[in-house]
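K.L.:
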Amino acid sequence: MTTPPYETPTAAEIAVVSSQLGREARGVVGIAARCVCGNPTVVATAPRLADGTPFPTFYYLTHPAATAAMSTLEADHVMPELAALLEDDEDVAAAYLAAHHAYLADRAGFGDVPEISGVSAGGMPTRVKCLHALAGHALAAGPGVNPIGDAALARSSWSPERCACVQPSAAVGTSAAG
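In the working numbering, the protein residues as written are 30 to 207.
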């Protein structure tokens, strides 16, 4: 878990993210969460890409095992259950609204993009739309910030507590893994 501002990602970190995504990483401004081995799990992405495209997804889940786990939850129709939790529990709804505002504040530190003003990710603050985005935010912000992201992570087969990387980082046991 980290919070802005982020150190500029290294070329090696960008290469790992590109490998995770299966395409060139775009607009990465920081590594927002890491695997226990030190590899990136979530990147922070510029709110406007180099080509001028507005990009509202500030926290982008990149770890292949984590993204696969969120895809499985979505395919297993967990989203309606989480949406019902959001609708039925006032405390969860209030925390989700606070998560939305925290997300916007984090992204605003990297630039104002009027086209996406007020738009966070994953359906926040009133819907559950994308578990990948919500889990990415939960991993970046830490437990207790995004209740729906936390719930998705808790229900998933993937855990941030154990390495599931194809190529674990050589940074195991260093401060980069924290």
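All C-beta atoms in this analysis are idealised placements derived from N, C-alpha and C, irrespective of residue type, glycine included.
Remember, it's a predicted structure, so these values are computed and weren't measured experimentally.
What are the start and end residues of each continuous beta strand (DSSP E) run of 3 or more residues lying completely inside the stretch 57-140, in chain order?
P.N.:
Counting only runs of 3 or more, we get 57-63, 69-74, 88-90.
K.L.:
Do you know whose CA, among V72, D105, V107, lies nearest L90's CA?
P.N.:
Mapped onto the sequence shown, residue 90 falls at position 61. L90 has its Cα closest to that of V72, out of V72, D105, V107.
K.L.:
Going by C-alpha to C-alpha distance, which of G140, V157, T82 sits closest to V9?
P.N.:
No information on residue 9 is available, as it lies outside the stretch 30 to 207 that the chain covers here.
K.L.:
Give the single residue among A94, L78, T37 whose Cα lies nearest to the Cα of S48.
P.N.:
In the sequence shown, residue 48 corresponds to position 19, counting from 1. Ranking A94, L78, T37 by Cα distance to S48 puts A94 first.
K.L.:
Please tell me whether R191 and V46 are closer than 9 Å, where the distance is taken between their beta carbons.
P.N.:
As a working mapping, residue 191 is identified with position 162 in the sequence shown. As a working mapping, residue 46 is identified with position 17 in the sequence shown. Cβ distance not < 9 Å, so R191 and V46 don't count as in contact.
K.L.:
Could you tell me the distance, in whole angstroms, from the CA atom of R55 to the CA atom of A104?
P.N.:
If you number the sequence shown from 1, residue 55 lands on position 26. If you number the sequence shown from 1, residue 104 lands on position 75. If you take the alpha carbons of R55 and A104, they lie about 27 Å apart.
K.L.:
Out of P189, H106, M99, which has the shortest C-alpha to C-alpha gap to A169?
P.N.:
For the purposes of this step, residue 169 is taken as the residue at position 140 of the sequence shown. Among P189, H106, M99, the Cα nearest to that of A169 belongs to P189.
K.L.:
What are the boundary residues of the alpha helix (DSSP H) that I145 is part of?
P.N.:
As a working mapping, residue 145 is identified with position 116 in the sequence shown. Looking at the DSSP string, I145 is not in any alpha helix (DSSP H), and its letter there is neither H nor E.
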